[in-house]
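First the structure, in the form of structure tokens, and then the observations on it.
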Amino acid sequence: MRPYKFDKIESKWQKKWKDEGLFKVVTADHRNKYYCLMMFPYPSAALHVGHGRNYIIGDVVARYSIMKGLNVLTPMGWDAFGLPAENAAIKNNIHPSKSTMSNIAMMKRQLDSWGVSYDWDREVSSCTPEYYKWTQWIFLKFYEKGLAYRKKAFVNWCPSCNTVLANEQVAAGACERCDSRVEQKDLEQWFFRITEYAQRLLDDIDKLDEWPEKVRTMQRNWIGRREGVNIDFPIVDSDKKLTCFTTRVDTIYGCTYMVLAAEHPMIEELAGGNPEKGAIMDFVKEVRNGSRIERTRTERDKKGIFTGRYVVNQVNGRKIPLWIGDYVLTEYGTGAVMAVPAHDQRDFEFAKKYDLPIEVVIDNPERPLDANKLDAAYEGEGVLLSSDQFSGVPSNAAKEKIADYMETEGIGKRSIHFKLRDWLISRQRYWGAPIPMVYCDKCGIVPVSEDDLPVLLPEGAKFKPTGESPLKSAADFVKTECPACNGPARREIDTMDTFVDSSWYYLRYISPGLTDRPFDTKDVNNWLPVDQYIGGVEHAILHLLYSRFVTKVLYDMGYVGFDEPFKRLFTQGMISKDGAKMSKSKGNVVSPDALIEKYGADTVRLYTLFIGPPEKDAEWSDKGVEGAYRFLKRVWNILDILAVSAKTGNVDLEKDLLRKMHQTIKKVTEDINEEFHFNTAISAVMELVNHIYSGIDRCGAGSYGKGILNEVLKNITLLLAPFVPHIAEEIWEKLSGAESIFKHEWPGYREDMLFTDTVIVPVEINGKLRSKIEIPRGLEGDKVKEVALADEKVQGAVGEKKVRKWVIIPDKLVNIVI
RNA sequence: GCGGAUGUGGCGGAACUGGCAGACGCGCUGGCCUUAGGAGCCAGUGGUUUUACCGUGGGGGUUCGAAUCCCUUCAUCCGCACCA
Numbered sequence: 004m005r006p007y008k009f010d011k012i013e014s015k016w017q018k019k020w021k022d023e024g025l026f027k028v029v030t031a032d033h034r035n036k037y038y039c040l041m042m043f044p045y046p047s048a049a050l051h052v053g054h055g056r057n058y059i060i061g062d063v064v065a066r067y068s069i070m071k072g073l074n075v076l077t078p079m080g081w082d083a084f085g086l087p088a089e090n091a092a093i094k095n096n097i098h099p100s101k102s103t104m105s106n107i108a109m110m111k112r113q114l115d116s117w118g119v120s121y122d123w124d125r126e127v128s129s130c131t132p133e134y135y136k137w138t139q140w141i142f143l144k145f146y147e148k149g150l151a152y153r154k155k156a157f158v159n160w161c162p163s164c165n166t167v168l169a170n171e172q173v174a175a176g177a178c179e180r181c182d183s184r185v186e187q188k189d190l191e192q193w194f195f196r197i198t199e200y201a202q203r204l205l206d207d208i209d210k211l212d213e214w215p216e217k218v219r220t221m222q223r224n225w226i227g228r229r230e231g232v233n234i235d236f237p238i239v240d241s242d243k244k245l246t247c248f249t250t251r252v253d254t255i256y257g258c259t260y261m262v263l264a265a266e267h268p269m270i271e272e273l274a275g276g277n278p279e280k281g282a283i284m285d286f287v288k289e290v291r292n293g294s295r296i297e298r299t300r301t302e303r304d305k306k307g308i309f310t311g312r313y314v315v316n317q318v319n320g321r322k323i324p325l326w327i328g329d330y331v332l333t334e335y336g337t338g339a340v341m342a343v344p345a346h347d348q349r350d351f352e353f354a355k356k357y358d359l360p361i362e363v364v365i366d367n368p369e370r371p372l373d374a375n376k377l378d379a380a381y382e383g384e385g386v387l388l389s390s391d392q393f394s395g396v397p398s399n400a401a402k403e404k405i406a407d408y409m410e411t412e413g414i415g416k417r418s419i420h421f422k423l424r425d426w427l428i429s430r431q432r433y434w435g436a437p438i439p440m441v442y443c444d445k446c447g448i449v450p451v452s453e454d455d456l457p458v459l460l461p462e463g464a465k466f467k468p469t470g471e472s473p474l475k476s477a478a479d480f481v482k483t484e485c486p487a488c489n490g491p492a493r494r495e496i497d498t499m500d501t502f503v504d505s506s507w508y509y510l511r512y513i514s515p516g517l518t519d520r521p522f523d524t525k526d527v528n529n530w531l532p533v534d535q536y537i538g539g540v541e542h543a544i545l546h547l548l549y550s551r552f553v554t555k556v557l558y559d560m561g562y563v564g565f566d567e568p569f570k571r572l573f574t575q576g577m578i579s580k581d582g583a584k585m586s587k588s589k590g591n592v593v594s595p596d597a598l599i600e601k602y603g604a605d606t607v608r609l610y611t612l613f614i615g616p617p618e619k620d621a622e623w624s625d626k627g628v629e630g631a632y633r634f635l636k637r638v639w640n641i642l643d644i645l646a647v648s649a650k651t652g653n654v655d656l657e658k659d660l661l662r663k664m665h666q667t668i669k670k671v672t673e674d675i676n677e678e679f680h681f682n683t684a685i686s687a688v689m690e691l692v693n694h695i696y697s698g699i700d701r702c703g704a705g706s707y708g709k710g711i712l713n714e715v716l717k718n719i720t721l722l723l724a725p726f727v728p729h730i731a732e733e734i735w736e737k738l739s740g741a742e743s744i745f746k747h748e749w750p751g752y753r754e755d756m757l758f759t760d761t762v763i764v765p766v767e768i769n770g771k772l773r774s775k776i777e778i779p780r781g782l783e784g785d786k787v788k789e790v791a792l793a794d795e796k797v798q799g800a801v802g803e804k805k806v807r808k809w810v811i812i813p814d815k816l817v818n819i820v821i
């Protein structure tokens, strides 16, 4: 017996792979290229087995693809700027670069210990000047194209992180990172004009047919395209007008008032001559100060105030009151809504509260509506009522007709709105890439010259957050010369959102060492789009949408020749423990290190892959790990069986085993190819291994000859190689003494070896299983009937009864209806 | 509220275009081997009143035949959410 010494085996092969550069790729040679990319991690704390799943899946795909003869590029790097390092720095008084670097070292060691291999020559880290120089370059390019701009706006402010946040980083009114309530602040900030690309980002989702439907839907919803009409409402006693957007222009005749958002720029002017101006402005202030989470709670009572002014609904010339309401959002549409209380639930609630008129203009086909008796708005379709010439028209058709009418009369114009907002990219934090802009009293806002990049992050800045960027404290940094006039100027002190860093890293991997360009266009065009991207679904919107946007801009500027970065996307499920997501605070984190020490990396890998379909969430079980270990030992012990096996074995048993082997090769290949169903692939190999053992149990040591056992074990090893590479290499070496198993091609199977000559077919009577018959493969029709009727159990069940119908599916099933 | 997903033994999960439900693994039970077993090997393991019947969240339907298709309903999870 040679024991399975996984620790020796694993360190041996990990070293060999590294020394021999198994995963090294030469950029210039892109024949058969396959770019297999895993989302680069944020270097925070130690990885747990849930994180491991991501890298293990990626490693399996990479190793499998190598065996399939592809030229596989699989790089890794670090999304190294960001808040947690900075917060830790504040707490422990260690510079973020120090903690980041030590975290990187730790995670790298963990990845290595899993046997997850990368072309480390291409490692990138977003916090190094060599990298963020080009993040700044991208900013300048965006600025050049008018896609980066500064504006004053109501923005999301996280009081605990002391910084502004992008819309995408706010979930249910709270900071995505720390869960604090997000406030609205009126600040001047830098934005990327992603809205300019909204339509293309939406349209091109159709191209991404190898992405999970879920992610595509989430992106569509986030972009949120709505078609409708912008309608003008002239203000009474004024030469100005208010415009509002609606998707329900069919309800225009039921519009009985108008509501403005508290942030609407015309409020002060409108309240001008009103004796109640004080109260109005107080209300506006109160609403503006309210946190977003408060304002967006649907169940909350809506509040409003009358401005004292009126506007005209031009379709019927009616004067309607103009209100301000806390339920109107400033950032969507025009910040003004036409209120149709009979057909919009929010307007209905507001109208009820403030006793505003309700007029029914859409008939509910199921029961007539009575404005006085409504207890909820009717938002469905129907035929128009009380709508002048449009009365009697079904609501869907009316939408078009009224829009046409408004356009000819100059009342309104068809319009498309998106929920997507521009991407707010400036942050009042230290640990990020400085925005390469300069403020000059004479020249205004001036970009730093490309030649002067990178704008280095000043090491000595005090990174304690004060609400202003910590960079302000670095006097040497702030004080600079204007790139335009060389006069005294000051630098922008905000840094960039880390999602800017991560929106282009996959391009940098292709030519990580370039010092004069972010990437080489020719090489990038040869290697991208990424063939397989693997990561967590939590990035479905943020990172994936931003990356698509950045790619499209670079495409438009001619820097890349593709307009979608990721061809195929796989999002793996989360691993939980005791029914909850693994987290330090819950104390349910499973560390891979102890498990690897006890069972070895191959066991941890195998169990992680066996736990369930990789796209689904799964529950970790320490017991299950033992099962994986047991299986690997069983595979290992076949070496011993092989050593004592005779030259020849039992012919029938061997034929059986060969067939099982070819079936297994087919099954494993298909499971990996089609859906990454590693769990069923592994169970198929387990069946094959069980088959060997039970054969030996039945017929003793003479069951299988050396030759056949050797062949089967070789194929088992090949099939397992992507999953458990160390043990596979070791067995492979013992069997063939040849070079790395990953230089050997993936096994093929023989069609003619898959089937037996006879099949056992179930016989059902009236759909209930009654017996089984053995018949030659491919037997059909009357011949099958004969065999079936000859069966004792069938005879017993059929008896004298008349057979009404025969259902015969060749090689599959017989059903007799009596 | 809208959108999406998932419901199968004690547990994780299998089941291709409708065709033997429960592969594989965990756990459990028994046996062999052992000084011993928390090692290894083998066997058994959905339920029940066991010639048979019942069983894929519940109810209905289509079909010779449904975990799979249709209708309906419930539950859980995820995403979005006062988006006019």
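Residue numbers (this note's numbering): 4 to 821. Glycine included, each C-beta is placed from N, C-alpha and C at the ideal position.
Going by Cα to Cα distance, which pick from the options is closest to residue i?
i	options	result
D755	M664, L531, E733	M664
K465	E453, F480, L456	F480
D409	K786, D620, I234	At residue 409 the sequence reads Met, which differs from the Asp that was named. Ranking K786, D620, I234 by Cα distance to M409 puts I234 first.
M141	M440, E678, K775	Note that residue 141 is Ile in the sequence shown, not Met. Residue M440 is the option with its Cα nearest to I141.
A406	A282, Q317, K305, C443	Q317
R520	G590, E133, A379	E133
Y442	G413, V647, P491, F236	P491
A684	Y696, I668, I699	I668
R223	L547, Y45, S14	L547
M79	F43, T469, F157	F43
H694	N713, D659, P728	D659
Y146	S586, I438, R608	I438
E289	G307, W20, W160	G307
A264	A339, V239, I238	A339
V607	E618, V593, F502	V593
Note down, in chain order, each residue of its chain lying with its Cβ closer than 7 Å to the Cβ of residue i, except the 5 sequence neighbours on either side.
i	result
L25	S120, S743, F745
D115	Q17
T301	With a pLDDT of 49 at T301, under the threshold of 50, the predicted position of this residue should be treated as unreliable, and no value is reported.
K804	I821
Compare the beta carbon distance of residue i and residue j with 9 Å and say whether it is the shorter of the two.
i	j	result
T498	R432	yes
L325	Y260	yes
V167	S429	yes
F634	V715	no
G538	M577	no
V64	Q535	yes
R551	L150	no
V628	L598	yes
In terms of residues, what are the limits of the beta strand (DSSP E) holding residue i?
i	result
D358	Looking at the DSSP string, D358 is not in any beta strand (DSSP E), and its letter there is neither H nor E.
Q392	Premise fails: Q392 is in no beta strand (DSSP E) and is neither H nor E.
S550	Premise fails: S550 lies in the alpha helix (DSSP H), 545-559, not in any beta strand (DSSP E).
L168	166-168
Hey, residue i and residue j are a contact pair by Cβ (cut 8 Å); roughly how many whole angstroms apart?
i	j	result
N277	G311	4 Å
V396	A342	The pair is not a contact, with the Cβ atoms about 22 Å apart (cut-off 8 Å).
N682	F613	5 Å
Which same chain residues, not among the five before or five after residue i, have their C-beta less than 8 Å away from its C-beta?
i	result
S163	C178, C181, S183
V806	I819, V820, I821
F565	N528, L531, P532, T554, Y558
C485	V441, C443, K445, C446, V449, P491, A492
In the DSSP assignment, find the unbroken alpha helix (DSSP H) run with residue i in it and report its ends.
i	result
A406	398-412
G55	52-70
I141	132-147
P6	No alpha helix (DSSP H) holds P6; DSSP gives it neither H nor E.
Output needed for residue i: all residues of its chain with C-beta closer than 6 Å, excluding positions within five of it in sequence on either side, in chain order.
i	result
K155	E191
Q113	L50
E216	none
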